[in-house]
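Participant: Heads up: the sequence lines are chains R and P, in that order.
The numbering used here puts the first residue of the first sequence at 140, with every later residue one more than the last.
The numbering used here puts the first residue of the second sequence at -4, with every later residue one more than the last.
Even for Gly, the Cβ is constructed at its ideal location relative to N, Cα and C.
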Amino acid sequence: MSWIAGGRNSLKRNSHKRFCHAIDNNQRQFRHVAYIVEKSYPEDCEFFWVRQPECVEGMQKVTGFSKWLFGLMAMCALLFSWQASGQTAAEPEKKAEQGSVGELMKHTRGKKCLACHKGMEGGSATAVAHAECESCHVDSGKDIQAILKAGAAIKMPKNSDCTTCHKNDRKLMNWAFSAHSKAGSSCSDCHQIHGSSVSKGVRLSADKSDRNSAMCVKCHQDTSAEFKMRSHHPVQEGGMSCTGCHDPHGDGHTALKSKTGQCLECHQAIGGPKVFEHAPVVEDCTNCHAPHGSANRGLLSTSQPSVCLQCHSIATGKHGFGSDPTPSPKANSRTVSGSVLRGCTNCHGAIHGSQQDPLLRY
Amino acid sequence: MKLFLLKRLSLMISLMFVANLGYAETENEVAAAAATSGTWQGYITPKLGYFNNSGNAAYLNRYNLLDSTFSHNTDNGFIADLDFSLLYSDDSGASLLLEKEGYGTNNQRLRLRGINDSGKLGAYYSTFKSATGTFNFQYNPDMVVGGTDPQYADPILNATGKTGFVASFNNDSPDVLDYEVRRSNYGFSSILKPPSFGDRASVEFNFDGYTRNGQKVSNYVLKDELLVSKKGSAEPYQWRGYANNIDEQNSKLTYHFNYTPQDWFINYEFSIDKFQNNVLPITLGTVQKWAAPSLKFAPGVDFLTPLGFVPDSTQYTNGLRVSRTFGDSAVISAGVSYALLQQDSYSEPQTTLGYTDGQTATSNAYLTGKFNVSPSVGLEAFARYNRRQNNSSYPVAGFFEPVSQFDDPRMVMPRINNYTNSALGFEAKLYPTVLKTTWSAGWTYEMKERGLTYGVVPALAPPIMLYGENYSSNEVFLKMVARPAKGWVVRVTPSYLWANETGLTTDPNQMLKLKSSVIYTKPAWNELAVTGYYNYNRKKNDSLSYSDYNVNPRGFADPQNQEATNTTQSAGLNISLVPVEELKLSLGYDWNQNDLSAYYFVTNRLRFDYPVVYPPVPNPQPNVPLDFYNLDQFNYKVNTHTLTAGLEKQWERYLFTANYSLMLANGYNANGLGGQSLPGVDDKIDYLLHTLALGTEYQFKKNVSVRGVYIYDRYEDNAYNSLNGSRNTLWLGISYRL
């Protein structure tokens, strides 16, 4: 005798899920799928199959009807259920008819796996998009049931599995040449497929960095230390992200942008074009600046006047004590005051280039 | 009997009724399920913050400007805010994520991201207010206690009315200098996968924009005798500044077309990037109006001279990338782009004198390939090219020309006509199974070419400046990644560079680098994870030199080499473990050192004021030979230490966290003769920053938790005591889970 399968809390859940979709419309019979009876009924399991004998026993215990009334009731329920299923559950019925585990898995979106692997469902958009467990954990064409029966382990996906689906992602175009790829990083090192991206408010630390940056500094600890220096790009304050400057999937060799061009994406006021240019600015901002962090003001790699004196001499005739424009024969005849040395840019304010002044003062 | 039948009949009718209900419910729910079966999850957290500053909190506020929501007080007050992180998803795999995190009006970020089978879309908005130039403003002459060096006001020179250019700083604008700037970023992105293209093509549209609003100090130094006192005598104070507004807007529209037929990947990119400066131009005439009648300009001053002019501009970029994969054996990628940066607005002098086209064109290209010769041997090669061409108006008579202008030299530095940077390299990899070690060896050649036009007379040109036209270098490197034992990973990468010629002091002609790290993990022992690293970089340039110049006899004296050596080192050790269940500990130490030494050269006169041709053209300046002098070798050296400790303990419904970080730095900006003359606040670096954060979460109900954190920051500056300050911050919030 066949019975309707249903969930333990079936009265509380969607009715269409109460019923086994393995209905053969032609034969108008129910078809049961074996369920591993050793497993206890998980609370969240919305879909389980019951073996016939136990179902019968259970039903007999639960209802306590005499045989004849039980049969009459069953026939009535059968008539109404068949009518409902036949009119409203066409799509699931079709999928069930195909009979493959893969199709059922697709329909349930991995819920069978989640019955045991709690917490894997995640709470992120990524987890939702990757909800078909077998698409990453089962090789194409293989049967997960066969794998389970053989006692084999479900595979852990590799980078090549990710790029099979994400092959059209522009950001991964040059992944093979990226520093992360060469270092042997796997996609899962940074991307949490099963994790949750929804976060509670009120952080329990002083760090306000975004999720990406918090991930980066777990490996790049030397850079993390630089961000703690007193002059730094405001990553840990939440003002920007590591990915604002860096492409984690790319590499400098495949960048169609100069070093200065990268900085000018945000600092366009410095980009010009300028009439009077400052050579190190044209070529590479890191000639003078340490972009992650520095103990010096203005993200300078070394402070003024040191950063300037390595390239420039100082005219004592102009910057020296008691500047008489009449030059002295000897360069060291006048002392350059500390108030000059303390900040070259106090006077040469247009240090990144000027539209008007060849001496880069304004 | 009748009662028996009545009971049974009632039961049957009841069952039929129930079955009907089930049918109806099934029909409605399946219909609904057929449409959507979406769910919401996430958190909504209203929160309240309190902050209190003591001492000078300018340093602590430089990135964390807090304004009270209820009183606009920046010293202390309450802040109300709302955080949320909401995810909608349905059975089709579609999802929509909306999240916001904020800390008052000066720090907010909002993000939207949606995904379905047809594509993706995203949007973001953030606003962040900080001190202009971060804490640099604290060292502005009007901010430093004592102003400029009083020793500079020489009494003897005062008698002549000339105390030099840098005796005192003067704010000529009527505005109070307010050192704050707000940057707001916003954008929209979409990826569409038209069904007609199948899975092989997609189109992306991105819009990114930002605005910057605030104020900064701008300065201008006038030439001798441009300022006169009321009596008509030359005004000695030439160092002048004003409050300059910042009002900028940038908008960038980018279009991508991606096509992936079989093993190919083709990407085309086009973008328009528009920058707009909305601040009205400031000229000397503006300053005169501000400062009159106390400030008077001498006759002949050009009041149209713009100060700090920032023009509008537009950049157009085209790019094409192609990549092809050859199974598992090889992948080749190439790309080319062309960008044109066009100046859209011009100053009055530029327009008047004919400088009407400001433009730079940038070309980039790359070609790279990776080949797996065998399972244990890999090869990689690359070539990269970048060229920046200056297509701006040139020459422009009276404004920008290589013609001698003794009274007003207009081309002091050489004009950079173009700059080309190209590199090519090769790397071989070996993956032997012995010792589970990967070896790589490689070589890189880099070249830089600068197309320069020097001014005729007077102007800077070699060998009286440290700027050359060419640079070429070779670098060899070795990489090793070893797994000597279970749980261990060791990485070592030494490299050495040598240059044949250099054109900038910051171009190394010798460089030795070492990057190394060690990772040890033992999950079985309290989930122990230890990471350590050491990095070393020493670069040196001693190939550039100055020469004295004597008119009689003509020629240059022996060159004097500049020798700049810069060594940076960093090292760190970080440990994390879980000694008992529900208790996590972490401890870390990082050290960083930067050491720069170079020669401190002085000259007796401005180099561009000296004729470098013979016979010299008439020169009003006395014909005194140009003399270089190596005054001293200065040294900059600063050590930075960072100590961090963290704890996380779960106890029943409570979660406790504690984090402490200490950063201290000490060193000197310049020792020797240069450093001796520096004022105290600029002579050395010596500061401490403490940050302590104590956090708690109480799971009030299954879907409600109360979270709070107390943060104490303390900054102590032993070189500049007025910057000492501390801040207390407290955040409390109730987190509701959907």
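Measuring only the C-alpha atoms, how far is G459 of chain R from D708 of chain P?
Facilitator: Rounded to the nearest angstrom, the two C-alpha atoms are 42 Å apart.
Participant: Contact check, G377 of chain R vs K347 of chain R under 8 Å by CB: the rounded distance?
Facilitator: Yes, G377 of chain R and K347 of chain R are in contact; Cβ-Cβ is about 4 Å, under 8 Å.
Participant: Please say whether S538 of chain P and I589 of chain P have beta carbons closer to each other than 8 Å?
Facilitator: Per the sequence presented here, residue 589 of chain P reads as Asn, with Ile not at that position. In this structure, S538 of chain P does not lie closer than 8 Å to N589 of chain P by Cβ.
Participant: Assuming A325 of chain P and N367 of chain P are in contact, meaning their beta carbons sit under 8 Å apart, how far apart are those beta carbons, in whole angstroms?
Facilitator: With 8 Å as the limit, A325 of chain P and N367 of chain P qualify as a contact, their Cβ atoms being about 7 Å apart.
Participant: Going by beta carbon distance, what residues of the same chain come within less than 6 Å of N485 of chain R, once the five residues before and after it are set aside?
Facilitator: Within the same chain, N485 of chain R has no close Cβ partners at all.
Participant: Can you check whether the CB of V341 of chain R is closer than 8 Å to the CB of W586 of chain P?
Facilitator: Result no, Cβ atoms of W586 of chain P and V341 of chain R do not sit closer than 8 Å.
Participant: Anything in chain P within Cβ reach of I453 of chain R, meaning under 9 Å, just list it in chain order.
Facilitator: Within chain P, the residues near I453 of chain R are Y595, F596, V597, T598, L626.
Participant: Does chain R have any CB closer than 8 Å to the CB of V70 of chain P?
Facilitator: The residue you asked about is not Val; residue 70 of chain P is Asp in the sequence shown. For D70 of chain P, the answer is no, since every Cβ of chain R falls outside 8 Å of its Cβ.
Participant: I need the straight-line Cα distance from G109 of chain P to S191 of chain P, nearest angstrom please.
Facilitator: G109 of chain P and S191 of chain P: Cα-Cα distance of roughly 21 Å.
Participant: Mind listing the chain R neighbours of R195 of chain P? Cutoff is C-beta to C-beta under 9 Å, in chain order.
Facilitator: Within 9 Å Cβ-Cβ: N307.
Participant: Would DSSP call K644 of chain P helix, strand or coil?
Facilitator: Three-state DSSP puts K644 of chain P in a strand.
Participant: Among residues of its own chain, excluding the 5 on either side of K424 of chain P, which ones have a beta-carbon nearer than 6 Å to its beta-carbon?
Facilitator: Cβ within range, chain order: G373, S435.
Participant: Looking at chain R, is there any beta carbon in it that lies within less than 8 Å of the beta carbon of A559 of chain P?
Facilitator: Output row for A559 of chain P: interface = yes.
Participant: List the residues that DSSP assigns as beta-bridge partners of H636 of chain P.
Facilitator: Paired residue(s): P:W586, P:L659.
Participant: Rounded to the nearest angstrom, how far is the Cβ of N239 of chain P from that of V212 of chain P, given a contact under 8 Å?
Facilitator: With 8 Å as the limit, N239 of chain P and V212 of chain P qualify as a contact, their Cβ atoms being about 7 Å apart.
Participant: Assuming N56 of chain P and N71 of chain P make a contact with CB atoms under 8 Å, what is their CB distance in whole Å?
Facilitator: Actually they do not touch by this definition, with Cβ atoms about 12 Å apart.
Participant: Which word fits C255 of chain R, buried or exposed, when buried means at least 16 other C-beta atoms lie within 10 angstroms of its C-beta?
Facilitator: By the 10 Å Cβ count, C255 of chain R comes out exposed.
Participant: For R478 of chain P versus E464 of chain P, is the C-beta spacing smaller than 8 Å?
Facilitator: No.
Participant: Between which two residues does the beta strand (DSSP E) holding N215 of chain P run?
Facilitator: Before going on, a small fix: residue 215 of chain P reads as Tyr here, not Asn. 196 to 216 is the extent of the beta strand (DSSP E) around Y215 of chain P.
Participant: Give the residues from the stretch 346 to 376 of chain R that approach chain P closer than 9 Å (Cβ to any Cβ), ordered along the chain.
Facilitator: Listed in sequence order: D346, K347, D349, C358, Q360, D361, S363, A364, E365, K367, M368, R369, S370, H371, P373, Q375, E376.
Participant: Identify the residues that DSSP records as bridge partners of K474 of chain P: which are they?
Facilitator: DSSP lists P:S435 as partners of K474 of chain P.
Participant: How do the stretch 395 to 405 of chain R and the stretch 641 to 653 of chain P stand: do at least 3 beta-carbon pairs fall below 8 Å, yes or no?
Facilitator: With the cut-off at 8 Å, the stretch 395 to 405 of chain R and the stretch 641 to 653 of chain P do not touch.
Participant: Tell me the rounded alpha-carbon separation between S717 of chain P and Y54 of chain P.
Facilitator: In a straight line, the C-alpha of S717 of chain P is about 10 Å away from that of Y54 of chain P.
Participant: Assuming L105 of chain P and K95 of chain P are in contact, meaning their beta carbons sit under 8 Å apart, how far apart are those beta carbons, in whole angstroms?
Facilitator: Yes, L105 of chain P and K95 of chain P are in contact; Cβ-Cβ is about 5 Å, under 8 Å.
Participant: Is G303 of chain P close to chain R? Criterion is C-beta to C-beta, closer than 8 Å.
Facilitator: So yes, G303 of chain P belongs to the interface.
Participant: So the alpha helix (DSSP H) Y462 of chain P belongs to, where does it begin and stop?
Facilitator: Careful: Y462 of chain P lies outside any alpha helix (DSSP H) and carries neither H nor E.
Participant: What does a CB cutoff of less than 6 Å around G641 of chain P pick up in its chain, not counting 5 residues either side in sequence?
Facilitator: Closer than 6 Å at Cβ, skipping near neighbours: S581, N654.
Participant: Can you list, in chain order, the residues of its chain whose CB lies under 6 Å from that of P574 of chain P, leaving out five sequence neighbours each side?
Facilitator: For P574 of chain P, where only same-chain residues beyond five positions count, the Cβ hits under 6 Å are N521.
Participant: So, under 8 Å CB-CB, G37 of chain P and V337 of chain R are touching, yes? Tell me the CB distance rounded to an integer number of Å.
Facilitator: Going by Cβ atoms, the distance from G37 of chain P to V337 of chain R rounds to 4 Å, so yes, they are a contact pair.
Participant: Roughly how many whole angstroms lie between the Cα atoms of C447 of chain R and S721 of chain P?
Facilitator: Going from the Cα of C447 of chain R to the Cα of S721 of chain P covers about 33 Å.
Participant: Could you give the C-beta distance for Y528 of chain P and P373 of chain R, rounded to a whole number, given that I count them as a contact under 8 Å?
Facilitator: With 8 Å as the limit, Y528 of chain P and P373 of chain R do not qualify as a contact, their Cβ atoms being about 24 Å apart.
Participant: If we count Cβ pairs, one from each stretch, closer than 8 Å, do we get three or more for the stretch 468 to 480 of chain R versus the stretch 661 to 672 of chain P?
Facilitator: Counting Cβ pairs under 8 Å, three or more are found: they touch.
Participant: Taking the CB atoms as reference points, tell me whether Y682 of chain P and R369 of chain R lie closer together than 8 Å.
Facilitator: Contact flag set, yes.
Participant: Please classify Q284 of chain R: is it buried, with 16 or more other beta-carbons within 10 angstroms of its beta-carbon, or exposed?
Facilitator: Answer is exposed; the Cβ neighbour count stays below 16.
Participant: Would D677 of chain P count as contacting chain R if we go by Cβ distances under 8 Å?
Facilitator: Chain R, which has a Cβ nearer than 8 Å to the Cβ of D677 of chain P, makes this yes.
Participant: Take the Cβ of L302 of chain P as the centre, count every other Cβ of all protein chains shown within 10 Å, and call the residue buried at 16 or more, exposed below.
Facilitator: Flag for L302 of chain P reads buried.
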